[in-house]
Amino acid sequence: MGLNRFSLPAVAVIMMINAMLLSQGCLEEERIALLQIKTSFGGNPNLILSPVLSWGKDALCCSWEGVTCSNSTTRRVVEIHLVTNLPIYEYSHWYLNASIFLPFQELNVLDLSGKGIAGCVANEGFERLSRLAKLESLNLDYNFFNNSILSSFKGLSSLKHLYLQYNRLQGSIDMKEFDSLSNLEVLSLAGNWIQDCVTLTGSEEPSRLNKLESLNLSSNNFNNSILSSLKGLSSLKYLYLYSNHFQGSINMK
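Just so it is clear: in the sequence shown, position 99 is 99 by this note's numbering, and no numbers are missing.
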């Protein structure tokens, strides 16, 4: 009896320690996948000062900087933010293999902003992420993507937020590239060199972006003609058009 009386507190302490460790751990397969991301980015000069390079110094992957896990007992990775501390003018161009994110089946948010990514390796583009059924936010701001990246978003029907600010999109873009993003609520194309959105201009077909609430087209090369092309966006609440090439009077109808 005496032994049991004194062993109970010790057992409780051990259980508390185990619970604390589990609360900061993630699935082993996801921990391995995070380390593979670190390895694949390890020689990238854009990440030389990134906290990503500190991943793996302890086993508690949910505590690694840039990694967020769910509150469930399984502790699945739900957010990945690949932080970079270099200024954008020092970036080197490189190509991403998007398949490295496929092990994270519960992923909601993927932030790849400011990484100097110029595109994806052949057959390993963002279309591969269509297998991540819970992915809702993809941030690709401040990279070097050109118009060819748009076709890789087909099939990402779970996306609600897509950020492509300050890339190298230019000329005319075909908004049909976004048609499969049926749940999209926020789209930012600011800070590019876009002059026209082809299938918005003059198209009689209703836009399939019927859930889009926020559209940022600021700091591009649009003129007055873009205004008439926004009629099909029936759910739009926020529209940003500053720093374009509008002239004369504007019909707000």
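We put the CB at the ideal spot given by N, CA and C, even for glycine.
State the DSSP-derived secondary structure class of residue 247, mapped to helix, strand or coil. coil
Residue 119 beta carbon near the ligand ZN (any heavy atom closer than 7 angstroms): In terms of ligand content, the structure shown is empty, and the ligand ZN therefore cannot be addressed.
>> Are the CB atoms of residue 140 and residue 112 within a distance shorter than 8 angstroms?
In response: yes
| field | For residue 227: DSSP bridge partner residues | value | Bridge partners of residue 227: none, in fact.
* Asked: Taking the beta strand (DSSP E) that residue 34 falls in, what are its first and last residues?
  -> That residue, residue 34, is in no beta strand (DSSP E); its alpha helix (DSSP H) goes 28 to 41.
Quiz prompt | Burial state of residue 237 (16 or more Cβ within 10 Å) | solution = exposed
Is the Cβ-Cβ distance between residue 247 and residue 223 less than 8 angstroms? yes
| Coarse secondary structure for residue 122, derived from DSSP in three states | coil
### Message
Could you tell me the alpha carbon to alpha carbon distance between residue 77 and residue 189, rounded to whole angstroms?
### Response
28 angstroms
Does the segment 118 to 133 touch the segment 57 to 77, meaning 3 or more C-beta pairs lie closer than 8 angstroms? no
Within its chain, find whatever has a CB closer than 6 angstroms to the CB of residue 137; leave out the 5 residues flanking it on each side and keep chain order.
109, 161
Taking its Cβ as the centre, do 16 or more other Cβ atoms sit within 10 Å of residue 50, making it buried, or is it exposed?
buried
| message | Helix, strand or coil, according to DSSP, for residue 143 in the structure here? | response | coil
> residue 93 lies in the beta strand (DSSP E); which residues open and close that run?
Replying inline: Note, residue 93: premise wrong, no beta strand (DSSP E); not H, not E.
| request: Kindly indicate which three-state DSSP category residue 109 falls into: helix, strand or coil? | output: strand
Could you check what DSSP says for residue 150 in three-state terms: helix, strand or coil? helix
Practice task
With residue 195 as the anchor, note down where its beta strand (DSSP E) starts and where it stops.
Solution key: 193 to 197
Check: Between residue 241 and residue 209, is the Cβ-Cβ spacing less than 8 angstroms?
Finding: no
Pull the bridge partners of residue 138 from the DSSP assignment, please. 110, 162
message: Taking the beta strand (DSSP E) that residue 68 belongs to, which residues open and close that run?
response: 67 to 69
Hey, how far is the Cα of residue 177 from the Cα of residue 74?
-> 36 angstroms
Query raised in the report: Quick one: Cα of residue 79 to Cα of residue 249, how far?
Result: 45 angstroms
_Per DSSP, cross-strand counterpart(s) of residue 117_ = 94
key: DSSP three-state assignment for residue 185, whether helix, strand or coil   = coil
Residue closest to residue 195, alpha-carbon to alpha-carbon, out of 229, 30, 71: 229
>> My assumption, with CB atoms under 8 angstroms, is that residue 144 sits in contact with residue 164. Please give the rounded CB distance.
In response: Contact doesn't hold; Cβ gap of about 11 angstroms is too wide.
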